[in-house]
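S.K.:
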Amino acid sequence: MTYRFDWSVLWTGQSGRWLLSGLLTTLALSACAWILAAILGVVSGALRTMPYRSLRAAATAYVEFFRNVPILVWMFFWYFAVPPLLPRGVQDWLFAHGLEFWAAVGALGVYSGARFSEVLRSGIQSIPRTQLEASVASGLTVAQAYRYVILPIAFRLIIPPGTSESLNLLKNSSVALTISVAELIFQTRQIETYTAKAIEALTAGTLIYLVLCLSISSILSWVERRTAIPGLITGGRRRR
Amino acid sequence: MTFDLGVIWRNLPFLIGQGFLGFGSFAGGTLRLAIPAIVLGFILGIFVGLGRLAPQAWIRIPATVYVELFRGVPLVMVIFWMWFILPMVLQTAIPEFGVALAAFVIFEAAYLGEIVRAGIQSVPRGQVEAATALGLSGGQTTRHVVLPQALKNMIPSLVTQFIVLFKDTSLASIIGFMDLTKAAQVVNNREIRPFELYLFIAVVYWACTYSMSRYARYLESRLGPA
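Top to bottom, those sequences are chains C and X. What the first sequence shows, in the numbering used here, is residues 1 to 240, in sequence order. What the second sequence shows, in the numbering used here, is residues 1001 to 1226, in sequence order.
1) From V1073/X to T206/C, what distance separates their C-alpha atoms?
2) So within the segment 97-145 of chain C, which uninterrupted alpha helix (DSSP H) runs reach at least 4 residues, ignoring any that extend past its ends?
3) With 7 Å set as the bound, which would you pick, yes or no: does the beta-carbon of S135/C sit closer than that to a beta-carbon of chain X?
4) Would you decide whether R226/C is buried or exposed? Buried here means 16 or more other CB atoms lie within 10 Å of its CB.
5) Let me know the secondary structure DSSP gives M1178/X once reduced to three states.
6) What does I219/C touch in chain X if you count any residue whose Cβ is under 8 Å from its own?
7) Any C-beta of chain X sitting closer than 7 Å to the C-beta of I179/C?
8) Is the Cβ of L10/C closer than 7 Å to any Cβ of chain X?
9) Does DSSP put G1024/X in a helix, a strand or coil?
10) Which same chain residues end up closer than 8 Å to T188/C when comparing Cβ atoms and leaving out the 5 residues on each side of it in sequence?
11) Since R115/C contacts E165/C with CB under 8 Å, what's their CB separation in whole angstroms?
12) Report yes or no: is there a C-beta of chain X within less than 7 Å of the C-beta of A196/C?
13) Please confirm whether L1171/X and L72/C have their CB atoms less than 7 Å apart.
14) Please report the Cβ distance between A1109/X and L1044/X, rounded to the nearest whole angstrom; I am assuming they are in contact, meaning their Cβ atoms lie under 8 Å.
15) From the DSSP output, in three-state form, read off I229/C for me.
16) How would you write the range of the alpha helix (DSSP H) that D1168/X sits in, first residue to last?
17) So, with DSSP's three-state summary, where would you put A1093/X?
18) Taking the alpha-carbon positions, what's the R239/C to I158/C distance?
19) Checking contacts by CB at 7 Å: is I185/C closer than that to chain X?
20) Go through its chain and collect everything with a Cβ distance to A1049/X's Cβ below 6 Å, but skip five positions before and after it.
21) Would you tell me roughly how many angstroms separate the C-alpha atoms of L151/C and I1061/X, rounded to the nearest one?
22) Shorter than 7 Å from the beta carbon of A1226/X to some beta carbon of chain C?
23) So is G69/C in contact with chain X if we call contact Cβ pairs under 7 Å?
24) Tell me which residue opens and which closes the alpha helix (DSSP H) that A1034/X is part of.
25) If we call anything under 7 Å between Cβ atoms a contact, is Q1121/X one with V1145/X?
26) Return the Cβ separation of L29/C and A104/C in integer angstroms, given the expectation that the two are a contact with Cβ distance under 8 Å.
27) Quick one: Cα of V1076/X to Cα of L1147/X, how far?
28) Could you have a look at I158/C and say whether DSSP puts it in helix, strand or coil?
29) My output table needs one value for T195/C: the three-state DSSP class, helix, strand or coil.
30) Would you be able to state if there are at least three C-beta pairs under 8 Å between the segment 1129-1138 of chain X and the segment 1159-1167 of chain X?
31) Within its chain, find whatever has a CB closer than 6 Å to the CB of E1191/X; leave out the 5 residues flanking it on each side and keep chain order.
32) Using beta-carbon positions only, say whether S112/C and A37/C come within less than 7 Å of one another.
33) Please report the straight-line C-alpha distance between I219/C and G162/C, rounded to a whole angstrom.
34) Would K1182/X count as contacting chain C if we go by Cβ distances under 7 Å?
35) Residues in the same chain with beta-carbon distance under 6 Å from I1201/X, minus the five sequence neighbours each way, listed in chain order, please.
36) For Y62/C and chain X, any beta-carbon pair shorter than 7 Å?
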């Protein structure tokens, strides 16, 4: 091996600033996409379990199409194909405010929304059907029953699979580098380009991802313990 | 803007032949990458899964670190690692196909290993005890008793993971591998028809993955809870 390690490239020159800005872009992109995905996932996931055939079919079509196509294809689609279809004013705003970032938010949010939807659906389906029937029998409409009974239970049940889907979203945000969003891996590559120290740069990026994933999953498992419903299987896990 | 399907028709041999199947003058092909990646990733995954359950700490701990490490980083990162590391370690130029295949096998083996582990843990302990009582060695028990039953329990999640891997092969285009996504990019650079082209490859990917997921559901209902 003729490779000579020089770890100082990580704290000399611009590297630190690049890594920090990459990390912030990754977090901003993931947070915006997460909000979009959560809205789409909750709406479509709930619709998929509701007793209305046409709404269910529409939600199923959304989930099956968007989650079965690679995220990379969606990145290109939202970046190259969607903007020309938008009204003039929206286009101008996007070009002025970082089109690639918002295209990535759209791609990642709509794609992950379809995956969140499946998580929520299986959470709702694990709640006994009698809960919904009892709510409707006591005078709630179906929408109210979902709002006050079904969804609050389902949200607590889906924290573990929701955590791993959220981490998938975070990791998938790296694909945005293909449409030149300056996220973490993009900045890692930039350090490599400027210093020709690939291993050091990649190690820094890898460690940041590992720390991010580990801290998010430990925060969410704390949330899971705090919100566990006593008496349910998932609620009892902590005592075993 | 008009919708022009002619662009798909004119470039169909390139998109499907070169991009999807991998016949042509470029190193490429989604299927040509996906199939060996699935087979080799699964084989490595079996060892990782067995390693996670090994009673010896010197096997179990590295296997656990392997799984946690690769599940904590994006696939794109692993691809770049291979892109830089492989030529350095092997002291020779590695084609995109080799880099991509190595990245997918190593990355997916971590996920497949977890599936294998869950499948093995779903086999009742009594099976192992009965096999030991019959005089089988540890290796024989694993090979003839545990793995065949575990495999059957794993099939639905395995197919799901294969779908994920199939979709992930699109990321090989980042390092220049001429798969379906890269082929669409190349055609788009010439034709400037992003809407039609990207929607078309989305439909091709969808047709493959959706049929695989229908098959998974069919297997699930046929095999039942074992």
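Cβ coordinates follow ideal geometry from the N, Cα and C atoms, glycine included.
M.R.: Working from what's here:
1) For V1073/X and T206/C, the distance between alpha carbons rounds to 6 Å.
2) Whole alpha helix (DSSP H) segments, 4+ residues: 99-125, 129-137, 142-145.
3) No, because no Cβ of chain X sits closer than 7 Å to the Cβ of S135/C.
4) R226/C should be labelled exposed.
5) Correct three-state label for M1178/X: strand.
6) For the C-beta of I219/C, not a single chain X residue is nearer than 8 Å; the gap to the nearest is close to 15 Å.
7) Closer than 7 Å: no.
8) No - not a single Cβ of chain X is within 7 Å of the one on L10/C.
9) Coil at G1024/X, not helix or strand.
10) Correct list, in chain order: L19, G22, A201, L202, A204, G205.
11) Sure, about 5 Å apart at Cβ, within 8 Å.
12) Chain X contact via Cβ: absent.
13) Contact flag set, yes.
14) With a Cβ gap of about 4 Å, A1109/X and L1044/X count as contacting.
15) DSSP places I229/C in coil when its eight states are reduced to three.
16) Where D1168/X is concerned, the enclosing alpha helix (DSSP H) stretches over 1147-1168.
17) Reduced to three states, the DSSP call for A1093/X is coil.
18) Confidence at R239/C is low in this model, with a pLDDT of 38, below 50, so the placement of that residue should be treated as unreliable; the coordinate-derived value is given next. Going from the Cα of R239/C to the Cα of I158/C covers about 19 Å.
19) Cβ-Cβ to chain X under 7 Å: yes for I185/C.
20) Looking at the sequence provided, one finds Gly at residue 1049/X rather than Ala. The beta carbon of G1049/X sits closer than 6 Å to those of G1113, V1116, R1117, all from its chain and outside the five residues before and after it, given in chain order.
21) L151/C and I1061/X: Cα-Cα distance of roughly 39 Å.
22) Low confidence applies here, because A1226/X scores a pLDDT of 48, under 50, leaving its location unreliable; read the following figure in that light. Contacts with chain C at 7 Å (Cβ-Cβ) do not include A1226/X.
23) A quick correction: the sequence has Val, not Gly, at residue 69/C. Cβ-Cβ to chain X under 7 Å: yes for V69/C.
24) Its alpha helix (DSSP H) spans residues 1030-1052.
25) No. Outside cutoff.
26) Yes, they are in contact, since the Cβ atoms of L29/C and A104/C sit about 6 Å apart, within 8 Å.
27) CA-CA distance, V1076/X to L1147/X, rounds to 32 Å.
28) Collapsing the DSSP output to three states places I158/C in coil.
29) Note: T195/C maps to helix in three-state DSSP.
30) Counting Cβ pairs under 8 Å, fewer than three are found: no touch.
31) Here the set comprises V1007.
32) Contact flag set, yes.
33) Using only the alpha carbons, I get a separation of about 13 Å.
34) Under the Cβ distance rule, K1182/X does not count among the residues neighbouring chain C, no pair being separated by less than 7 Å.
35) Taking C-beta separations shorter than 6 Å and ignoring five residues to either side along the sequence, the partners of I1201/X in its chain run L1180, A1184, following chain order.
36) Not one chain X Cβ lies under 7 Å of Y62/C.
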